[in-house]
Amino acid sequence: RGVHELNIVVLCTIHQPSSKVYNGFDGCMVLSNGRVAYNGAADSMAKYLSAAGCPTPEGSSVAEHVLDLVNREFSDKDSVDRLLDAWPASESEYSLTPDPEMSALEKKNRFGAGFFSQVASLLKRHALIT
112 RGVHELNIVV LCTIHQPSSK VYNGFDGCMV LSNGRVAYNG AADSMAKYLS AAGCPTPEGS
172 SVAEHVLDLV NREFSDKDSV DRLLDAWPAS ESEYSLTPDP EMSALEKKNR FGAGFFSQVA
232 SLLKRHALIT
């Protein structure tokens, strides 16, 4: 938080974030087996999980809980698939709304490719070298 006022986009991959780190996020995307399990406001994930039938146990971190839910090493395959199948029906309610200013910036990008195209290219390059 704080960089938002400076119009700086921060994209990071964090495995097993602490509650303190997770609570600093504006948005969060959770992926499992190449599919989206959640992509919305970080502070709305607990509400979404409850609506999907997977409430966060009292005293537990929502970040740890969702990782347990989408990891086939900790949850059975059918449970993981049910949660992954639930996201598309709830996406319009929980998904972050695109920032109209960001869309305008993408259209006027002086580098030719949009922001998301650039990020995809960088991630692909990174995957090839690691």
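The sequence shown begins at 112 in this note's numbering and counts up by one. All C-beta atoms in this analysis are idealised placements derived from N, C-alpha and C, irrespective of residue type, glycine included.
So residue i is in the alpha helix (DSSP H); what residue range does that whole segment cover?
i, result
"Leu-234", "226 to 240"
"Ala-200", "188 to 205"
"Asp-179", "173 to 181"
So is residue i buried or exposed if we call it buried at 16+ other beta carbons inside 10 Å?
i, result
"Ser-130", "exposed"
"Ser-143", "buried"
"Val-120", "exposed"
"Cys-123", "exposed"
"Ala-163", "buried"
Where does residue i fall in DSSP's three states?
i, result
"Ser-143", "strand"
"Ala-148", "strand"
Check whether the Cβ atoms of residue i and residue j lie closer than 8 Å to each other.
i, j, result
"Ala-148", "Leu-117", "no"
"Gln-229", "Leu-178", "no"
"Arg-183", "Val-191", "yes"
"Val-181", "Val-141", "yes"
"Tyr-159", "Ser-203", "no"
Going by beta carbon distance, what residues of the same chain come within less than 6 Å of residue i, once the five residues before and after it are set aside?
i, result
"His-176", "Thr-167"
Who are the near neighbours of residue i in its chain, counting only those whose CB is closer than 8 Å to its CB and skipping five residues on each side?
i, result
"Ala-152", "Asp-137, Gly-138, Cys-139, Tyr-205, Leu-207"
"Ser-155", "Tyr-205"
Can you list, in chain order, the residues of its chain whose CB lies under 7 Å from that of residue i, leaving out five sequence neighbours each side?
i, result
"Ser-186", "Asp-179, Leu-180"
"Phe-227", "none"
"Trp-198", "Val-147, Ala-148, Tyr-149"
Looking at chain D, is there any beta carbon in it that lies within less than 8 Å of the beta carbon of residue i?
i, result
"Ser-143", "Absent from the structure: chain D. Only one protein chain is present."
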